[in-house]
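Enquirer: So for the sequence shown, the numbering used here puts the first residue at 1318; every next one is plus one. Heads up, the beta-carbon is just placed ideally off N, CA and C, and yes, glycines get one too.
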Amino acid sequence: MSHTAPQHPAQVDAFATDVYGGLTQSPQKTLPSKYLYDAVGSALFEVITHLPEYGLTRADERLVKRHAPDVLDALGPIDTVVELGSGSGRKTRWMLEACARRHPCTYFPIEISATALAQCSQALSDIAGIKVKGIEGEYLQGLQQVASTRGDSPMLVLFLGSTIGNFARPDAVRFLGEVRKLLRPGDAMLLGTDLVKPRQALIEAYDDPLGVTAAFNLNLLARMNRELGASFDLRRFQHEARFNEDTSAIEMHIRSCVKQSVAIPGAGLTVDLEVGETIWTEISRKYLAADVLSMGAKAGFASGGQWVDEAWPFAETLLVAA
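1) Could you tell me the distance, in whole angstroms, from the CA atom of Val-1640 to the CA atom of Gln-1577?
2) Name, in chain order, the residues that DSSP records as bridge partners for Glu-1633.
3) Which stretch, first to last residue, makes up the beta strand (DSSP E) that contains Glu-1568?
4) Is the separation between the beta-carbon of Trp-1411 and that of Ala-1433 shorter than 9 Å?
5) Applying the 10 Å Cβ sphere with the 16-neighbour rule, what's the burial state of Asp-1626?
6) When DSSP builds the beta bridges, which residues end up paired with Asn-1561?
7) Using the beta-carbon count (16 or more within 10 Å), is Arg-1418 buried or exposed?
8) Please name the residue in Glu-1370, Val-1364, Leu-1361 and Tyr-1352 whose C-alpha comes closest to that of Arg-1516.
9) For Glu-1363, which residues in the same chain have their Cβ closer than 7 Å to its Cβ, ignoring the five residues on either side in sequence?
10) In the structure shown, what three-state DSSP assignment does Ile-1395 receive?
11) Hey, out of Ala-1489, Leu-1508 and Leu-1537, whose CA is closest to Ala-1381's CA?
12) Is the Cβ-Cβ distance between Pro-1630 and Lys-1514 less than 9 Å?
13) Using a Cβ-Cβ cutoff of less than 6 Å, which residues in the same chain neighbour Thr-1634 once the five nearest sequence positions on both sides are dropped?
14) Would you mind reading off the limits of the alpha helix (DSSP H) that contains Ile-1520?
15) Under three-state DSSP, which class holds Phe-1549?
16) Ordered along the chain, which non-local residues of its own chain (more than five positions away) have a Cβ less than 6 Å from that of Pro-1421?
17) Quick check on this structure: which residue in Phe-1560, Met-1506 and Arg-1467 has the alpha carbon closest to the alpha carbon of Tyr-1523?
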């Protein structure tokens, strides 16, 4: 049996600060999507990846498995692989095994979730020729840590699962630019992006009949109860997934079913909610394949290749630091 380390006070303080800032916004209350991934949320998301309605993770995995050799052919021998938001590391195994067949390598998964990081490190530590060194923290902070101690070989950064879709478009380009600043010419990023598909397929992927995604979203309220002493009654809220045609994005919201006031002592806040009012918890933007290359170019990357899954439209794009 494994045990999750207790949260550091600074992490609790950051959560409280972001809860206060997000729930006092007007007219739309928000909460950062990164807080969906505590121990319970990470476990629920792992279940989501197996749901028939959620084809994204399987498409991501198919492409990495099929094209890992192509990625490595484009880069040559590498001794450092960094992953931003590794999750359980299931799909990463294919890339690491391909790397290990060519050259011993150190793998740095960077995760805000201690639970996911522990699972990833345990799951991938059995690959011969791969040394796993997990980093708990924010993406850029962790990448900077690796970049300051790396060797001379090209470095590969993995940003899979379409996490880039959680950024608004200008913020996505800005984030890619920040990653580029930490890389040397010849380094590369393998970027996963979910592509535009029929609206109904997207809605079902984020509002499955089994209710797992609803539980994942509503767990954010339960997390505030656990960590900040809040008094949310989850029976008074509903999960809602919307597709925004203007931004080509799925939005996840938590809708209040009644007019209510909820105390959140740990954040120094009592939040008032009207009937039907929502808290916006996540955006998941969908792209055209050409958009990804355009974003990379604006951030200082050249294209090293792009591969698209046809069964569930999804792209892996190799962006090479120019």
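Expert: Quick look at the numbers:
1) In this structure the chain extends from 1318 to 1639, so residue 1640 is not present and cannot be described.
2) On the sequence shown, residue 1633 is found 316 positions in, with the first residue counted as 1. In DSSP, Glu-1633 forms a bridge with Gly-1509 and Trp-1624.
3) The sequence position of residue 1568 within the sequence shown is 251, counting from 1. Start and end: 1566–1573.
4) Taking the sequence shown and counting its residues from 1, one reaches residue 1411 at position 94. Taking the sequence shown and counting its residues from 1, one reaches residue 1433 at position 116. Their beta carbons are not under 9 Å apart, which means Trp-1411 does not touch Ala-1433 by this criterion.
5) Start at 1 with the first residue of the sequence shown, and residue 1626 comes out as number 309. Per the 10 Å Cβ criterion, buried.
6) Against the sequence shown, residue 1561 aligns to sequence position 244. BP columns for Asn-1561 point to Ala-1566.
7) Position 101 of the sequence shown, counting from 1, holds the residue named residue 1418. With fewer than 16 Cβ atoms within 10 Å of its Cβ, Arg-1418 is classed as exposed.
8) Mapped onto the sequence shown, residue 1516 falls at position 199. With distances taken between Cα atoms, Arg-1516 lies closest to Glu-1370.
9) Within the sequence shown, the letter at position 46 stands for residue 1363. Closer than 7 Å at Cβ, skipping near neighbours: Ser-1405.
10) Position 78 of the sequence shown, counted from the start, is the residue given in the question as residue 1395. Assignment of Ile-1395 by DSSP, reduced to helix, strand and coil, places it in the coil class.
11) If you number the sequence shown from 1, residue 1381 lands on position 64. Sequence check: residue 1381 is Val here, not Ala. Of Ala-1489, Leu-1508 and Leu-1537, the residue nearest in Cα terms is Leu-1508.
12) For this step, residue 1630 is matched to residue 313 along the sequence shown. For this step, residue 1514 is matched to residue 197 along the sequence shown. Lys-1514 is positioned such that its CB atom lies closer than 9 Å to that of Pro-1630.
13) For the purposes of this step, residue 1634 is taken as the residue at position 317 of the sequence shown. Closer than 6 Å at the Cβ level, and outside the excluded window around Thr-1634, lie Leu-1508, Val-1609 and Gln-1623.
14) The residue labelled residue 1520 in the question sits at position 203 within the sequence shown. Where Ile-1520 is concerned, the enclosing alpha helix (DSSP H) stretches over 1516–1523.
15) For the purposes of this step, residue 1549 is identified with residue 232 of the sequence shown, where counting begins at 1. In the structure shown, the three-state DSSP call for Phe-1549 is coil.
16) Position 104 of the sequence shown holds residue 1421. In its chain, beyond the 5 residues on either side, Gly-1446 have a beta carbon closer than 6 Å to the beta carbon of Pro-1421.
17) On the sequence shown, residue 1523 is found 206 positions in, with the first residue counted as 1. Residue Phe-1560 is the option with its Cα nearest to Tyr-1523.
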